[in-house]
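Enquirer:
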């Protein structure tokens, strides 16, 4: 794809307005303006700015690798139509909701009649918009390879559309509040994150586009750990449109964002599979692999995100989509076997007949799944019709090949009778009544009668596939599908006409079902995120194991101390970040405010979050006689130190440093004035709580006596900790 190896240019009003490149913001703006002014020319897959030879290196490219928002292809135009339809559907849904609410509260009969009339018009418009969206979902011709002339079309998935998201304000506030760092130092990182999200809206249809989406999905994991505490909403609203119904869904957490990106990865794999050239062996192998990977991503989405509010990502719908991808992969396996040509040989025809029966079987199962509630109400009707058409079509091909091997081949002297008998017996679950495999092979009349029964069944199934395709308006407009079905139907009719005799009605044999079998059973290929190398945009905040959103610590404290005769008064432990260990309570560092267990974040204004013990020790030894300027933070126990503030935390109010210090002061006062019960494990806490509750319910007079006795038996938690670090 010419769009590969390019950097991203933001689309729409909500873009970040920058292209990440080392030349600075002004240079990026001038590059973008020149790119937009550059003349373009129509191409098969993309429209690129002039002088494409300058775009060979990623560092000199206009767009992020794997993204090309300036591409003017049939696929991009289709996606733009999908986005426009989503907006119209959103408007119609809002109007319908308003009309329904007005109808509930209106008491005037004339007003109610007028509202009912308007509501009928809105429902009619909404139904027409959904039919237009279904038309986009079955626009399979846009996604097929341009070199294919006579192949059955495959069904791709359209990408989910989304609205712009501004991370800057929320992330800056959280960096200042939670990490106690200057948020303006992270403007470039925040802009890179927004650029990456914007690029994911227009991925290229190749492996670079898949890698782009995967990199953003992995980056979302870092962002979630850094900025999204599990007990509070951050106020960022993510909106994604259902790819099947066009209805928008919004959430304030990253689950919807991550699930939608996974869905788009699977959808992009389906578009890659349909784009493969199915007239070559390599193209068919690529299509099989792409559809198996699409099934793997969608199955991973179903198992990982089980409560997504969008219907196209519900477990029932994802199960159907996985079946559809595997069915299309199995269809490509059959095409790969038939690509070199089908030799008119007995054993080859047995193999091809069973392969065709396998494809027909998986499409029958798919059509059955599509016809079940609740999927039936939202799956595009044209998809279910195409699955039914393919089930009949490939079933007919299986019977046609079975007829050919029975009629065109005779058991000659010297032939391998045992092998042919075994193959024929494995072709059916059971032979027709009165027939045996070996006797049928030797009896010309029996072979001919059984073969003609297969031909008649093939003709009937072809007629059913043609009829089913004619009932769906969308399928009637797919010319290549009509040509393939008509050609196969005429071929079976011709063979039936050649074999027809006057006494056929007197000697009828019902053709048995053909056992499905394949030499390559398609299977799910799980997504391999580990192969995508991603760097955390916000790694300057420190190692994620410590500096994350679900952990809290004190604001950085500046400590100035001197080493007495080369002795620091403490040792170091840990590895990125380094901790103060074995602190001498009488040393200079302890008197300056250092605590055992403190994390060292900087020495002499050098960031130490990612340094090892040896590197930190080297910095400490390098300090002169003026002393050491060191900044440390102390990790807070979330369950104890912040317990008094949990109610405020749960409603989403932001905490300031004064609140954190207040919590520490409260702990100091608590320690001095009263004893604190021992911190129990979750299970023992629940058990004791239940026991106290039952005692207070059954023995009311003894409540006042029982509780003090329990408290006296529990030691103070400070007896288990060092006194210098107990507050942290």
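Residue numbers (UniProt numbering): 1 to 728.
Cβ atoms here follow ideal geometry from the backbone N, Cα and C, with glycine treated the same way.
Note that this is a predicted model, so its numbers are computed, not measured.
Can you tell me which of the three DSSP states residue 376 falls into?
Expert: Residue numbering aside, residue 376 sits at position 376 when the chain shown is read from its first letter. Helix, per DSSP.
Enquirer: Leaving out five residues on either side along the sequence, give the residues of the same chain with a beta carbon under 8 Å from the beta carbon of residue 757.
Expert: Absent from the structure is residue 757, since the part of the chain shown begins at 1 and ends at 728.
Enquirer: Exposed or buried, residue 393, counting other C-beta atoms within 10 Å across all chains shown (16 or more means buried)?
Expert: Here residue 393 corresponds to residue number 393 of the chain shown, with the count starting at 1. Buried, since its Cβ has 16 or more Cβ neighbours within 10 Å.
Enquirer: Use the C-beta contact count for residue 300: other C-beta atoms within 10 angstroms, 16 or more gives buried, fewer gives exposed.
Expert: As a working note, residue 300 is residue 300 in the chain shown. Label assigned to residue 300: buried.
Enquirer: In angstroms with no decimal places, state the Cα-to-Cα distance between residue 32 and residue 464.
Expert: Counting from one through the chain shown, the residue named residue 32 turns up at place 32. Counting from one through the chain shown, the residue named residue 464 turns up at place 464. Confidence at residue 32 is low in this model, with a pLDDT of 41, below 50, so its placement is unreliable and the value that follows should be read with caution. If you take the alpha carbons of residue 32 and residue 464, they lie about 55 Å apart.
Enquirer: Go to residue 241, then tell me how far its beta strand (DSSP E) extends in each direction, as first and last residue.
Expert: As a first step, residue 241 is located in the chain shown; it is residue number 241 there, counting from the start. Per DSSP, residue 241 belongs to the beta strand (DSSP E) from 238–241.
Enquirer: I need the straight-line Cα distance from residue 295 to residue 317, nearest angstrom please.
Expert: The residue labelled residue 295 in the question sits at position 295 within the chain shown. The residue labelled residue 317 in the question sits at position 317 within the chain shown. The alpha-carbon atoms of residue 295 and residue 317 are separated by roughly 12 Å.
Enquirer: Does residue 558 come out as helix, strand or coil in the three-state DSSP assignment?
Expert: On the chain shown, residue 558 is found 558 positions in, with the first residue counted as 1. Here residue 558 sits in strand by DSSP.
Enquirer: So, for residue 408: in the same chain, excluding its five sequence neighbours on each side, which residues have a beta-carbon less than 7 Å away from its beta-carbon?
Expert: As a working note, residue 408 is residue 408 in the chain shown. These residues qualify, in order along the chain: 344.
Enquirer: In the segment 402–489, which residue ranges form an unbroken alpha helix (DSSP H) of at least 4 residues, counting only runs that do not cross its ends?
Expert: DSSP runs (the alpha helix (DSSP H)) wholly in the segment 402–489: 417–427, 437–442, 444–471, 473–476.
Enquirer: With distance defined between alpha-carbon atoms, name the residue in 128, 633, 154 nearest to residue 387.
Expert: If you number the chain shown from 1, residue 387 lands on position 387. That would be 154, whose Cα lies nearest to the Cα of residue 387.
Enquirer: What are the boundary residues of the beta strand (DSSP E) that residue 731 is part of?
Expert: Only positions 1 to 728 of the chain appear in this structure, which leaves residue 731 out of reach.
Enquirer: Drop a sphere of 10 angstroms on the beta-carbon of residue 682, count the other beta-carbons inside from all chains shown, and report buried for 16 or more, exposed for fewer.
Expert: The count along the chain shown starts at 1 and reaches residue 682 at position 682. Caution is warranted here: a pLDDT of 32 is assigned to residue 682, below 50, making its placement in the model unreliable, and the coordinate value is therefore given only provisionally. Per the 10 Å Cβ criterion, exposed.
Enquirer: Pop quiz: residue 266 and residue 290 are said to be a contact at Cβ under 8 Å. What is the actual Cβ separation, rounded to whole angstroms?
Expert: The count along the chain shown starts at 1 and reaches residue 266 at position 266. The count along the chain shown starts at 1 and reaches residue 290 at position 290. At roughly 10 Å, the Cβ-Cβ gap does not stay under 8 Å, so residue 266 and residue 290 are not in contact.
Enquirer: State the DSSP-derived secondary structure class of residue 100, mapped to helix, strand or coil.
Expert: Along the chain shown, one-based indexing puts residue 100 at 100. Three-state DSSP puts residue 100 in a helix.
Enquirer: Could you check if residue 566 is buried or exposed, using at least 16 other CB atoms within 10 Å of its CB as the buried criterion?
Expert: Stepping through the chain shown from its first residue, residue 566 is reached at position 566. The residue in question, residue 566, is exposed, as its Cβ has fewer than 16 Cβ neighbours within 10 Å.
Enquirer: Identify whether residue 315 lies in helix, strand or coil by the three-state DSSP scheme.
Expert: Position 315 of the chain shown, counting from 1, holds the residue named residue 315. Helix.
Enquirer: Where does residue 629 fall in DSSP's three states?
Expert: Here residue 629 is taken as the residue at index 629 of the chain shown, counted from 1. Correct three-state label for residue 629: strand.
Enquirer: Using three-state DSSP, classify residue 618 as helix, strand or coil.
Expert: The sequence position of residue 618 within the chain shown is 618, counting from 1. Correct three-state label for residue 618: helix.
Enquirer: Determine the DSSP secondary structure at residue 603, reduced to helix, strand or coil.
Expert: Taking the first residue of the chain shown as position 1, residue 603 is located at position 603. Three-state result, residue 603: strand.
Enquirer: Is the separation between the beta-carbon of residue 180 and that of residue 556 shorter than 8 Å?
Expert: Here residue 180 refers to the residue found at position 180 of the chain shown. Here residue 556 refers to the residue found at position 556 of the chain shown. A contact, by the Cβ cut-off of 8 Å.
Enquirer: Look up residue 532 in the DSSP assignment and say whether it is helix, strand or coil.
Expert: Taking the first residue of the chain shown as position 1, residue 532 is located at position 532. Of the three classes helix, strand and coil, the one that applies to residue 532 here is coil, per DSSP.
Enquirer: Take every Cβ of the segment 316–330, pair it with every Cβ of the segment 470–488, and state whether three or more of those distances are shorter than 8 Å.
Expert: The answer is no - the segment 470–488 does not touch the segment 316–330, with fewer than three Cβ pairs under 8 Å.
Enquirer: In chain order, what residues of the same chain have a beta carbon less than 6 Å from the beta carbon of residue 243, not counting five sequence neighbours either side?
Expert: If you number the chain shown from 1, residue 243 lands on position 243. So the qualifying residues of the chain are 158, 160, 312.
Enquirer: In this structure, does DSSP put residue 107 in helix, strand or coil?
Expert: Within the chain shown, the letter at position 107 stands for residue 107. Of the three classes helix, strand and coil, the one that applies to residue 107 here is coil, per DSSP.
Enquirer: When the Cα atoms are used, what is the spatial distance from residue 229 to residue 548?
Expert: Start at 1 with the first residue of the chain shown, and residue 229 comes out as number 229. Start at 1 with the first residue of the chain shown, and residue 548 comes out as number 548. The alpha-carbon atoms of residue 229 and residue 548 are separated by roughly 9 Å.
Enquirer: With a CB to CB cut of under 7 Å and the five nearest residues on each side skipped, what residues in its chain are close to residue 123?
Expert: The residue labelled residue 123 in the question sits at position 123 within the chain shown. 96, listed in sequence order.
Enquirer: With DSSP as the reference, identify every bridge partner of residue 567, one or two as the case may be.
Expert: In the chain shown, the residue the question calls residue 567 occupies position 567. DSSP lists 564 as partners of residue 567.
Enquirer: Nearest to residue 496 by alpha carbon, out of 579, 456, 446, 361?
Expert: Looking up residue 496 in the chain shown gives position 496. For residue 496, the nearest C-alpha among the options comes from 456.
Enquirer: Taking the Cβ atom as the reference point for each residue, do residue 375 and residue 329 lie within a distance shorter than 8 Å?
Expert: Here residue 375 corresponds to residue number 375 of the chain shown, with the count starting at 1. Here residue 329 corresponds to residue number 329 of the chain shown, with the count starting at 1. Taking 8 Å as the Cβ cut-off, residue 375 and residue 329 do not qualify as a contacting pair.
Enquirer: How big is the Cα-Cα spacing for residue 605 and residue 277?
Expert: If you number the chain shown from 1, residue 605 lands on position 605. If you number the chain shown from 1, residue 277 lands on position 277. Going by the C-alpha atoms only, they are around 59 Å apart.
Enquirer: Which whole-angstrom value describes the C-beta separation of residue 525 and residue 292, a residue pair presumed to lie in contact below a C-beta threshold of 8 Å?
Expert: To locate residue 525, count along the chain shown from 1; it is residue 525. To locate residue 292, count along the chain shown from 1; it is residue 292. Yes, residue 525 and residue 292 are in contact; Cβ-Cβ is about 4 Å, under 8 Å.
Enquirer: What three-state label does DSSP hand residue 322 in the structure shown?
Expert: Mapped onto the chain shown, residue 322 falls at position 322. Reduced to three states, the DSSP call for residue 322 is helix.
Enquirer: Within its chain, find whatever has a CB closer than 6 Å to the CB of residue 554; leave out the 5 residues flanking it on each side and keep chain order.
Expert: Locating residue 554 in the chain shown gives position 554, counting from the first residue. The residues are 633, 634.
Enquirer: Whole angstroms is fine: what's the gap from residue 252's alpha carbon to residue 232's?
Expert: The sequence position of residue 252 within the chain shown is 252, counting from 1. The sequence position of residue 232 within the chain shown is 232, counting from 1. Computed Cα separation, rounded: 10 Å.
Enquirer: Is residue 114 helix, strand or coil by DSSP?
Expert: The sequence position of residue 114 within the chain shown is 114, counting from 1. DSSP places residue 114 in helix when its eight states are reduced to three.
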